[in-house]
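To get our numbering, take the position in the sequence shown, counting from 1, and add 83.
Glycine residues also receive a C-beta, built at the ideal position from the N, C-alpha and C atoms.
Bear in mind that the values here come from a model prediction, so they are computed numbers and not experimental data.
One structure is given here, and the rest of the page talks about it.
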Amino acid sequence: MTAERDGTLAERLARLEERVARLEEEAADTAAPATGSGTAAGPVPDGETFWALNGLKERAGDQGAVLFTGSVTLPAGEHYEWQQGHPAADLLDDDWAQAADTLSALAHPVRLLLLREILHGASTTAELAAHERLGTTGQLYHHLRQLVAAGWLRTTARGRYAVPGERVVPILTVLAAARR
Numbered sequence: 084m085t086a087e088r089d090g091t092l093a094e095r096l097a098r099l100e101e102r103v104a105r106l107e108e109e110a111a112d113t114a115a116p117a118t119g120s121g122t123a124a125g126p127v128p129d130g131e132t133f134w135a136l137n138g139l140k141e142r143a144g145d146q147g148a149v150l151f152t153g154s155v156t157l158p159a160g161e162h163y164e165w166q167q168g169h170p171a172a173d174l175l176d177d178d179w180a181q182a183a184d185t186l187s188a189l190a191h192p193v194r195l196l197l198l199r200e201i202l203h204g205a206s207t208t209a210e211l212a213a214h215e216r217l218g219t220t221g222q223l224y225h226h227l228r229q230l231v232a233a234g235w236l237r238t239t240a241r242g243r244y245a246v247p248g249e250r251v252v253p254i255l256t257v258l259a260a261a262r263r
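Here you go:
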């Protein structure tokens, strides 16, 4: 390792130590947790309410950003971890109409039920068709095609469907955002 690189590492370490000290000060100054915080594992200790938000703000700067992340083990045992972030300016400047097809694929109760059943372990067309609320076989295929076209599902073999790993946390994030 060169002396120049050591200096760079030392500088980076010093900046990191400063950031940690600032975060600890901010955490100590937090009087009470705000609404909309917490984790699925339960309440968070005082001062750590917005640990993810504080980390995002450190990285995003003044422009801001949106981040979603998750660690999910499905009922059938598959485990997925995902994190996705976007600068707020990029999201605000995007043509939101481009998201319409992807979002509208989720905007039907039968499609949401299909996704839920697949995330719970059903994977074949026969398993899905056995569900009383999924309609006729023709209706089932119509909804499956919509979800595949939007990228929420993929076919893994003839008559078998799966939610792509990179879509598990985003689906759950959309559902969490839709809660009132």
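Residue i - DSSP class collapsed to helix/strand/coil
{"i": "R216", "result": "helix"}
{"i": "A245", "result": "strand"}
{"i": "E200", "result": "helix"}
{"i": "G168", "result": "strand"}
{"i": "A240", "result": "strand"}
{"i": "E131", "result": "coil"}
{"i": "R250", "result": "helix"}
{"i": "R95", "result": "helix"}
{"i": "R263", "result": "coil"}
For residue i, the residue or residues it bridges with in DSSP
{"i": "W235", "result": "Paired residues: none, contrary to the question."}
{"i": "Y163", "result": "V155"}
{"i": "T207", "result": "R243"}
Exposure label - residue i; buried when at least 16 CB within 10 Å
{"i": "H226", "result": "buried"}
{"i": "L197", "result": "buried"}
{"i": "R250", "result": "buried"}
{"i": "T152", "result": "exposed"}
{"i": "A205", "result": "buried"}
{"i": "R194", "result": "buried"}
{"i": "T132", "result": "buried"}
{"i": "W179", "result": "exposed"}
{"i": "A232", "result": "exposed"}
{"i": "Q181", "result": "exposed"}
{"i": "L96", "result": "exposed"}
{"i": "Q229", "result": "buried"}
{"i": "A209", "result": "exposed"}
{"i": "A93", "result": "exposed"}
{"i": "A240", "result": "exposed"}
For residue i, the first and last residue of its enclosing beta strand (DSSP E)
{"i": "S154", "result": "A148 to T156"}
Terminal residues of the alpha helix (DSSP H) in which residue i lies
{"i": "W134", "result": "W134 to A143"}
{"i": "D176", "result": "A171 to D176"}
{"i": "F189", "result": "With the sequence shown as reference, residue 189 is identified as Leu, and Phe is not the correct amino acid for it. Segment: none, L189 is in no alpha helix (DSSP H) and carries neither H nor E."}
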